[in-house]
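A.B. asks:
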Amino acid sequence: MPSLFVWLLKRCAFALLALFILLTLTFFLLRLAPGGPFDAERSLPPEQMAALQQRFALDQPLAQQYLSYLGDLAQGDLGPSFGYPDFAVSTLIMQALPVSLSLGGWAFALAFLGGLGIGILAARGRLLGRILDQLATLLLAVPNFVLAPLLVLLFALTLRWLPAGGWDGPFSRSVILPALALALPVMASIAVLMRASLAEVLKSEPSQLQRAFGLSYFAELRGGALKLAVLPVVAYAGAALAQLLTGSLVVEQVFGLPGLGRYFVLGALNRDYTLLLGVVLLFGALILLLQLLTDVLLMWLDPRIRP
Amino acid sequence: MIRYALLALLLAWLLLGGLLSPHSIAEPHWTRLFAGADFAHAHFLGNDAIGRDVYVRVLFAARVSVLLGLSGALVALLIGLSVGILAGWFGGFIDQLLMRGVDVLNALPLVFLLLLLMALFGRSLGLIVLAAGAVLWLDFARIVRAQVLKLKTLPFIEAARLLGAPTHRLLLVELLPNLRRSALAYLAVLLPKVILLESFLSFLGLGVQEPFASLGGLIADGAIDMESQPLLLLAPVLVLGLLILSVRSFSARWADQQP
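As given, the protein sequences belong to chains A and B, one line each in that order. Residue numbers for the first sequence follow this note's numbering, beginning at 855 and rising by one. Residue numbers for the second sequence follow this note's numbering, beginning at 246 and rising by one.
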């Protein structure tokens, strides 16, 4: 199908353009901000400061710096970190990426599977469903930064079932609490979304007809209701990822995890230009990639929106 | 009924809760570090890591959160109203330009941008309010635009126009009062959002700074010291939860009534 191919090409070009704009904005925003990466070492004699500036090419004109950053980037080089001068930004990111990726992966899976399950049960309207629905609505009012410390207080400090922090790898007990704290608010939004969408589908005439013929709830779900109802939830995936990324900043701080979220906050506070740009680039690429995947998945599920 | 009672109770506490306690926010009690509740000395929720009274700290933080929430929500309402009215009323090129702008902004992870702004350009209270408002006006602009599109076809606008009313009169005197109900209702939607956003920033240390504190800042402090004194975490969490639930119960009712 040539039109689909053209569409895909256009979307990729748009995503790359968005990423480029994001990068450029961040680059110049950073330079506009007061303070520089070496302000903490203010007591340095001026000639040493000048040497530092020269080493990181900060003495060149801004446009020159921007172009050389883009040039390095085109070759896959994110440059040296300003805050950790002995490390390249890509090394730092590669160290933190497995932690963030496995935490985010668990949370993403948990949020979608749990949210869909609760939404399906809740749309049926039985007692259990209604209780779950109320719980999900309540959970919507509880952000990550409240949930994470509360979970630690309950499960780590009071009951002593799970560790309160630290990182022992993606399949250890140490991942359970952070993944829960990260996933639960997203799970709640997905559950509420799925319940509303499924209830809408079940009210439609074909669905009522199926029920009139005596089809059971779960047979009806299999017979197309689920596929139709899941569309808004799939479309929500991009927003869910953004929510998880912001949540990870909080969760990594509470549990002391060596992930990317820490670098985002630290990089901005310490004016570690290259480190922050690297993390922004990665986050932006992740979100754009997921949005692209979501659109493709939606088209596969829903022939009505194919070009 | 419960909704009104809870809201009234919270408001009364925010306004009058200070009368219950003789302590001030910054006054340290060095003999009472991490102490539990002590009603004989009017420390209803105990004391924190340097002996400050937790009850008074939570009360003032709640006031800061609510005030910042209200001002941020007002900023968002104002921007949303202006953009929505301009786009809906004038239509054509202006409409296209503004609404495509809204689309583009909607696609960006704005919370990250906000975080970046706060980390880069200091953390003044004014900037927090402006930034929070600037992030959250998008949906309201759409709602206002849709309403203006509907309203401007109604006879009373036509009548005013025939009477020779200038455009600014049409917009401010005829159109604007008809948007007040949605504005008020959307305030209830925005308020918890701004409060949570600000608390999130404060939790990361990027929001309100000492000697002020907002609920998010207190929760961050409480999370560090919760092993010594769980009340430090539980008290601000409970107040924040009640605040959000209370306001949400009104906005949820409103959302149900929308067609």
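Every residue, glycine too, gets a C-beta built ideally from N, C-alpha and C. Treat the numbers as computed from the prediction; the structure is a model and nothing was measured.
Going by the DSSP bridge assignment, what does residue 292 of chain B pair with across the sheet?
C.D. replies: Note: residue 292 of chain B sits in a beta bridge opposite B:298.
A.B. asks: I want to see whether chain A comes within less than 8 Å of residue 444 of chain B, judged by CB atoms only; does it?
C.D. replies: Residue 444 of chain B counts as touching chain A.
A.B. asks: Skipping 5 residues on each side, what residues in its chain have a beta carbon closer than 6 Å to that of residue 994 of chain A?
C.D. replies: Excluding sequence neighbours, residue 994 of chain A sits near 1042.
A.B. asks: Could you check if residue 863 of chain A is buried or exposed, using at least 16 other CB atoms within 10 Å of its CB as the buried criterion?
C.D. replies: Classification of residue 863 of chain A: exposed, given that the 10 Å Cβ count is below 16.
A.B. asks: Which whole-angstrom value describes the C-beta separation of residue 934 of chain A and residue 943 of chain A, a residue pair presumed to lie in contact below a C-beta threshold of 8 Å?
C.D. replies: So it is a contact: roughly 7 Å between Cβ atoms.
A.B. asks: I need the straight-line Cα distance from residue 877 of chain A to residue 345 of chain B, nearest angstrom please.
C.D. replies: The alpha-carbon atoms of residue 877 of chain A and residue 345 of chain B are separated by roughly 21 Å.
A.B. asks: Please tell me whether residue 347 of chain B and residue 386 of chain B are closer than 8 Å, where the distance is taken between their beta carbons.
C.D. replies: In contact: residue 347 of chain B and residue 386 of chain B (Cβ atoms closer than 8 Å).
A.B. asks: So, helix, strand or coil for residue 470 of chain B, using DSSP?
C.D. replies: If DSSP states are grouped into helix, strand and coil, residue 470 of chain B belongs with coil.
A.B. asks: To which residues of the same chain is residue 1160 of chain A closer than 6 Å at the C-beta, ignoring the five residues directly before and after it?
C.D. replies: So the qualifying residues of the chain are 1153.
A.B. asks: Per DSSP, what kind of secondary structure is residue 1112 of chain A in: helix, strand or coil?
C.D. replies: Correct three-state label for residue 1112 of chain A: coil.
A.B. asks: Could one say the Cβ of residue 426 of chain B lies closer than 8 Å to chain A's Cβ atoms, at least one of them?
C.D. replies: Cβ-Cβ to chain A under 8 Å: no for residue 426 of chain B.
A.B. asks: What three-state label does DSSP hand residue 1152 of chain A in the structure shown?
C.D. replies: Correct three-state label for residue 1152 of chain A: helix.
A.B. asks: Quick one: list the residues of chain A neighbouring residue 472 of chain B, beta-carbon separation under 8 Å, in chain order.
C.D. replies: Simply 1011.
A.B. asks: My assumption, with CB atoms under 8 Å, is that residue 415 of chain B sits in contact with residue 428 of chain B. Please give the rounded CB distance.
C.D. replies: About 18 Å separates the two Cβ atoms, so there is no contact after all.
A.B. asks: Kindly examine the ligand NAP and report whether one of its heavy atoms sits closer than 7 Å to the Cβ of residue 1149 of chain A.
C.D. replies: This structure lacks the ligand NAP; in fact it carries no ligand of any kind.
A.B. asks: Starting from the beta carbon of residue 1141 of chain A, find every residue of chain B whose beta carbon is closer than 8 Å, and list them in chain order.
C.D. replies: Within 8 Å Cβ-Cβ: 354.
A.B. asks: Does DSSP put residue 491 of chain B in a helix, a strand or coil?
C.D. replies: Three-state DSSP puts residue 491 of chain B in a helix.
A.B. asks: Beta-carbon within less than 7 Å of residue 1099 of chain A's beta-carbon, same chain only, minus the 5 sequence neighbours each way: which residues are those?
C.D. replies: These residues qualify, in order along the chain: 1137.
A.B. asks: Output needed for residue 1141 of chain A: all residues of its chain with C-beta closer than 8 Å, excluding positions within five of it in sequence on either side, in chain order.
C.D. replies: Closer than 8 Å at Cβ, skipping near neighbours: 1092, 1095, 1096, 1099.
A.B. asks: Quick check: residue 364 of chain B and residue 317 of chain B, are their CB atoms within less than 8 Å of each other?
C.D. replies: No, they are not a contact pair.
A.B. asks: How would you list, in chain order, the residues of chain A whose beta-carbon sits under 8 Å from the beta-carbon of residue 467 of chain B?
C.D. replies: Those within 8 Å of residue 467 of chain B in chain A are 1003.
A.B. asks: Per DSSP, residue 942 of chain A is paired with what?
C.D. replies: Residue 942 of chain A pairs with A:934.
A.B. asks: List the endpoints of the continuous alpha helix (DSSP H) containing residue 258 of chain B.
C.D. replies: Element bounds for residue 258 of chain B: 247–261.
A.B. asks: Determine whether the Cβ of residue 440 of chain B lies closer than 8 Å to any Cβ atom of chain A.
C.D. replies: By this cut-off, residue 440 of chain B is not an interface position.
A.B. asks: Go through its chain and collect everything with a Cβ distance to residue 375 of chain B's Cβ below 7 Å, but skip five positions before and after it.
C.D. replies: Result list for residue 375 of chain B: 320, in chain order.
A.B. asks: Tell me, please, whether the region 907–926 of chain A touches the region 1116–1124 of chain A by the rule of three or more beta-carbon pairs shorter than 8 Å.
C.D. replies: No, the region 907–926 of chain A does not touch the region 1116–1124 of chain A.
A.B. asks: Would you give the residue range spanned by the alpha helix (DSSP H) that residue 984 of chain A belongs to?
C.D. replies: First-last of the alpha helix (DSSP H) with residue 984 of chain A: 981–994.
A.B. asks: For residue 287 of chain B and residue 437 of chain B, I'd like the C-alpha separation in whole angstroms.
C.D. replies: Spanning the two alpha carbons is a distance of roughly 31 Å.
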